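This report refers to the structure that appears directly beneath it.
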Amino acid sequence: MKRILLIAALMLVAAPTFAASKVQQVTSPGGITAWLIEEHGLPLLTVKATFTDAGTASDPKGKEGRATMADNLLGEGAGKRDALAFSTALEERAIRMDFSADEDLFSASVETLSEHKQEALSLLADALTRPRFDTDAIERIRRQRLTVLKQLGQSPHWLLQRAWQQAAFPNHPYGQQAAGTEQSIKSFTRKDFETFRQRYLTRGNVLIAVVGDITPEELKPLLDTTFGGLPKQFAPEHKVEEVMLPPQGMTKAIAYDMPQTLVTFGLQGLKRSDPAYFDAMVLNYIVGGGDLNSRLAAEVREKRGLAYSIQTMQESFLHGATWAGSFSTRTEEAANALQAMRDTIAQAKTDITAAEVERAKRFITGSFVLSLDTNSELAGFLISMQLNKLGPNYLEERNAKVEAATLESVRAVAQRLLDPERFITFSIGKTQEAK
Amino acid sequence: MERSSVIKALRHGIAALALACAPASAHAGDALPVTSFTLKNGMEVIVVENHRVPAISHVLWFKIGAADDPPLKSGLAHYHEHLMFKGTALYKSGQYTEIIAENGGEQNAFTGHDATAYYANIAKDRLPLIMELEADRVRGLTPDDMEALKERDVIIEERRQRIDNLPRPLFLEQMDAALYLNHPYRIPVIGWKHEMEGLTKQDVLDFHARNYHAGNAVLVVSGDVKSDEVKALAEKYYGALPAGPTIVRQWRKEPPQLAPRRITMTHKNMRQPEWRRIYLAPSAGEGQKEKLMPLLVLEHILGGGKTSRLYQQLVTKQRLATALWADYNGLTRGPGEFTLYATPAPGVALSAIEAAVDHEIAAIIAAPPSETEVARAKTLLKADMIYDREGLQNLAYTLGWFRMIGLTVQDYEQWPARADAVTAKDVQQAAKEVFDLNHSVTGMLLPEAQAKP
Chain A
1 MKRILLIAAL MLVAAPTFAA SKVQQVTSPG GITAWLIEEH GLPLLTVKAT
51 FTDAGTASDP KGKEGRATMA DNLLGEGAGK RDALAFSTAL EERAIRMDFS
101 ADEDLFSASV ETLSEHKQEA LSLLADALTR PRFDTDAIER IRRQRLTVLK
151 QLGQSPHWLL QRAWQQAAFP NHPYGQQAAG TEQSIKSFTR KDFETFRQRY
201 LTRGNVLIAV VGDITPEELK PLLDTTFGGL PKQFAPEHKV EEVMLPPQGM
251 TKAIAYDMPQ TLVTFGLQGL KRSDPAYFDA MVLNYIVGGG DLNSRLAAEV
301 REKRGLAYSI QTMQESFLHG ATWAGSFSTR TEEAANALQA MRDTIAQAKT
351 DITAAEVERA KRFITGSFVL SLDTNSELAG FLISMQLNKL GPNYLEERNA
401 KVEAATLESV RAVAQRLLDP ERFITFSIGK TQEAK
Chain B
436 MERSSVIKAL RHGIAALALA CAPASAHAGD ALPVTSFTLK NGMEVIVVEN
486 HRVPAISHVL WFKIGAADDP PLKSGLAHYH EHLMFKGTAL YKSGQYTEII
536 AENGGEQNAF TGHDATAYYA NIAKDRLPLI MELEADRVRG LTPDDMEALK
586 ERDVIIEERR QRIDNLPRPL FLEQMDAALY LNHPYRIPVI GWKHEMEGLT
636 KQDVLDFHAR NYHAGNAVLV VSGDVKSDEV KALAEKYYGA LPAGPTIVRQ
686 WRKEPPQLAP RRITMTHKNM RQPEWRRIYL APSAGEGQKE KLMPLLVLEH
736 ILGGGKTSRL YQQLVTKQRL ATALWADYNG LTRGPGEFTL YATPAPGVAL
786 SAIEAAVDHE IAAIIAAPPS ETEVARAKTL LKADMIYDRE GLQNLAYTLG
836 WFRMIGLTVQ DYEQWPARAD AVTAKDVQQA AKEVFDLNHS VTGMLLPEAQ
886 AKP
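Chains A and B, in that order, give the protein sequences.
Read in the numbering used here, the first sequence has 311 at position 311, and its numbers run on one by one without any break.
Read in the numbering used here, the second sequence has 723 at position 288, and its numbers run on one by one without any break.
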């Protein structure tokens, strides 16, 4: 009895908040703005620059894989340094530099000991504004991309994901093969990457976040020297259109010889700007986002022992959104697991309870600080705050927005989103064709 | 590129979190914000203060792992870890998970060959709650029969998902079984399927009674908390647990290894061949901690990144490979491993890769590396230690892991000094000792159509 009381008492305590993290908007003499959180506890610094609408959806038709290959190439020689000299300059100071492209965003990030911040940012400036794209480097990265493509082609997860994306986003860049095709990878020339840099890595579409051991006064001139040389105008070759998933559901089985069947299922999701975004976040936690506590985990793993993991996720892109999930199960039970999944989701459309909403809110608010305990995680969050125009006080305001979800609002979003008729459900595993 | 780190991952472990890693003070000379003490029942406690966010990470480690699985019962330590979530006399199955989630916490557990750990990350004022729940399940488990059977299905499903579906994990199991002639590292943490199918609830309860005692546990609490608070709470919640019998871990040892081993595996779902070699290597757990740092420097010089010798020679200059790395893991209780890996460029035979790798190995055995190479590796190793001071978990995990393999907090504090002391000759000597083909397995994983390398 005593133990239960202890737990009940603890649950009433409010979720922890960010008292210390003050977001500052710092503008350089040259007019470049970064969002900064000072953190002087360790001699470390993270700088992150994200270019919007410069991700893999920017790849023109026939040039699939361009953004991905460009991200591989930016650290392969810049300014006066060839690839080896550039890597050596980073390693000698233990600077960590990374480039990445997702569907919408191209990001550069640098982590450094604060004693090397000048050199780190000077190298970043070189990579972003003066990449060399030397023939040797292009050919080496081309060979790498071709072998990576082969490795992807042997991965059932990738094959499934690709087929699902193509079905969910037909005739839209989100459905393209972001890793590139053998043909496109073989066709790229230096000019393709130079075009990408000049049109997409610009001041017109950059967001900058800085977290760590630096003051606003130190940062200001560095913003100009690092980002001042970027081209001014964002000049995309095509506009990425808004996209919805097809209204008709779809089911497809892909043949692949292995002991399990992997399943991906998904529906239209909500964009970050949707007023019901947090209601959908709560709903996702209840249905499949909440690890072992979700309804899907209870039905498929805990009650039936059919899967090791089953989870769902809402993914908001700049021009579309999905709510999708996945699991894997032994092939002979795949039909049963699929049925359990469909039934669970059909039921969640109408019978979410107040207790579930409360539990979801407690987790989502309480765990917020856990994902923001490093400079890089905070820098990533500052980028997302800028991208979604959430305002500099959002770190403190966010949990109140989650708390505002009610049983009615979550049930309303369940009605809106959870439509088993519209499921796009793809599986990969042994089918009749495979035998 | 792989980041170097002192702890790479739980050795072959089933880890929910990657163990990032590594020690040292942020500014040379600063003491680590670490205190440690031992409860009367023998339970060790390490506190890592980090006041960045108002949260804590509570990790309860046990010096017991898959290498302790009894004969014919591979996978038992991991199955036991799963049944730790299936109820006690006070909390029903799944309630542990529910309570922590309702309090805004994340939790999970992982099993390796050397150790098993249970963690919860949560708001700092919930520390008493976590201790209550953890101490409760150490006292005893009461899973019901059906729950235990369904969970056995779940771990077998986990094996299919992580291993049986995919050529590379299957290949790595074959490599380990060839590398170790006798040591339990030859058996996978998750277990062989035919033995997992025979595991019972009683096996788990016996395993628990034998091993889950305060005297076999190390608690690490990191985050926004003071050492004194943790001490008072640990005495309150864990102090009454029995010390338990002293556990003698008897692992089979490797006999002299007298012949190089080779594995060629083809798999119907492979498209891109790969080459790998694993050498047995010195480890901290086998009393060779002074050999770790020269080998970590060697790892960097040979295959630690784009400036490394193997990358420059095989990927950049000779265009034989498209990916290449070296990896040394000596933070194990049993033998360590030094691994070399390569993906061949289109059209290149694996035999050409192997010859080029062996050429570089011969070169570093023949002549010590340059001072520049050694200095760069040391800079990276010491910087990793500062980077890993960030976050609730990194330092806490490293220290917990150190205790599991017989190292101490002091060993960790001495890491930068050990790095500084490494000379080019030490690296050459380390290469001479570790690169003995008689202590290695070389493996090729190939598409079916390409049975010949």
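We put the beta carbon where it would ideally sit given N, CA and C, even for glycine.
All of these numbers come straight from a predicted model, not from anything done at the bench.
Range covered by the beta strand (DSSP E) that runs through B:P779: G771 to P779
What are the boundary residues of the alpha helix (DSSP H) that includes A:K191? R190 to Y200
A:A276 by DSSP, collapsed to three states: which one? coil
Going by beta carbon distance, what residues of the same chain come within less than 8 Å of B:V639, once the five residues before and after it are set aside? L511, Y514, H515, L518, L576, P578 and A583
Can you check whether the CB of A:L219 is closer than 8 Å to the CB of A:I141? no
is_contact[A:F363, chain B] using C-beta, thresh 8 Å: yes
Checking contacts by CB at 8 Å: is B:N600 closer than that to chain A? True, the Cβ-Cβ gap to chain A drops below 8 Å.
Thinking just about the alpha-carbon of each residue, which of A:L113, A:T52 and A:D98 is nearest to the one in B:D823? Checking every option, the nearest Cα to that of B:D823 belongs to A:L113.
Quick one: what's got a C-beta closer than 8 Å to B:Q753's C-beta in the same chain, skipping five residues either side? A791
Who are the near neighbours of B:S460 in its chain, counting only those whose CB is closer than 7 Å to its CB and skipping five residues on each side? Confidence at B:S460 is low in this model, with a pLDDT of 36, below 50, so the placement of that residue should be treated as unreliable; the coordinate-derived value is given next. Counting only Cβ-Cβ distances below 7 Å, and skipping sequence neighbours, we find A466 and L467.
Thinking just about the alpha-carbon of each residue, which of B:F497, B:Y763 and B:T742 is nearest to the one in B:L733? B:Y763
Can you tell which of B:E789, B:T473 and B:E484 has the C-alpha that lies nearest to the C-alpha of B:G826? Restricting attention to B:E789, B:T473 and B:E484, the CA atom closest to the CA of B:G826 is found in B:E484.
Report yes if the CB atom of A:D125 is closer than 8 Å to the CB atom of A:G229, and no otherwise. Note that residue 125 of chain A is Ala in the sequence shown here, rather than Asp. Closer than 8 Å, so yes.
Where DSSP assigns a beta bridge to A:E111, which residues make up the other side? Its beta-bridge partners are A:T46 and A:R96.
In DSSP terms, what B:Y554 is bridged to: B:V494 and B:N543
Using the beta-carbon count (16 or more within 10 Å), is A:D373 buried or exposed? buried
Residue from A:F188, A:I254 and A:N399 with nearest C-alpha to A:T135: A:F188
Among A:S409, A:K80, A:G175 and A:I428, which residue has its Cα nearest to the Cα of A:K61? A:G175
Strictly below 7 Å CB to CB, what residues from chain A border B:F818? Reading off the sequence, residue 818 of chain B comes out as Ala, not Phe. Residues of chain A passing the Cβ test: A94 and L113.
Give a yes or no on whether the minimum CB-CB distance between B:R711 and chain A is below 8 Å. no
Out of A:A280, A:T56 and A:A324, state which residue places its alpha-carbon closest to the alpha-carbon of A:R342. A:A324
Sheet register partners of B:D762 (DSSP bridge): DSSP output for B:D762 lists B:T774 as bridge partner(s).
Using the C-alpha atoms, what's the distance from B:W496 back to B:F870? 33 Å
With DSSP as the reference, label B:R696 as helix, strand or coil. The DSSP-derived three-state label of B:R696 is strand.
Does the separation of the CB atoms of A:Q314 and A:W35 fall below 8 Å? no
Just curious, the beta strand (DSSP E) that B:S743 is in, first and last residue? First-last for B:S743: undefined, no H or E at that position.
For B:D917, count neighbouring Cβ atoms within 10 angstroms of its own Cβ and tell me buried if that reaches 16, exposed if not. With chain B covering 436 to 888 only, the question about residue 917 of chain B has no answer from this structure.
Measure from the alpha carbon of A:K150 to the alpha carbon of each residue in B:L749, B:P708 and B:L731, then state which is nearest. B:P708
Nearest neighbour of B:A780, chosen from B:G771, B:L759 and B:D793 [CA to CA]: B:L759
Does the Cβ-Cβ distance between B:V660 and B:V482 come in under 8 Å? yes
In whole angstroms, give me the CA-to-CA distance for A:G55 and B:T742. Answer to the nearest angstrom: the Cα atoms are 28 Å apart.
Which residues, in chain order, does the segment 315–347 of chain A contribute to contact with chain B at a C-beta distance below 8 Å? S328, T329 and R330
For B:Y714, list the residues DSSP reports as bridge partners. B:F773 and B:S875
Touch test, the segment 241–252 of chain A against the segment 404–416 of chain A, Cβ-Cβ under 8 Å, three pairs minimum: No, they do not touch.
Tell me whether B:H486 is buried or exposed, calling it buried when 16 or more other Cβ atoms sit within 10 Å of its Cβ. By the 10 Å Cβ count, B:H486 comes out exposed.
Should A:R416 be flagged as near chain B, meaning a C-beta pair shorter than 8 Å? no
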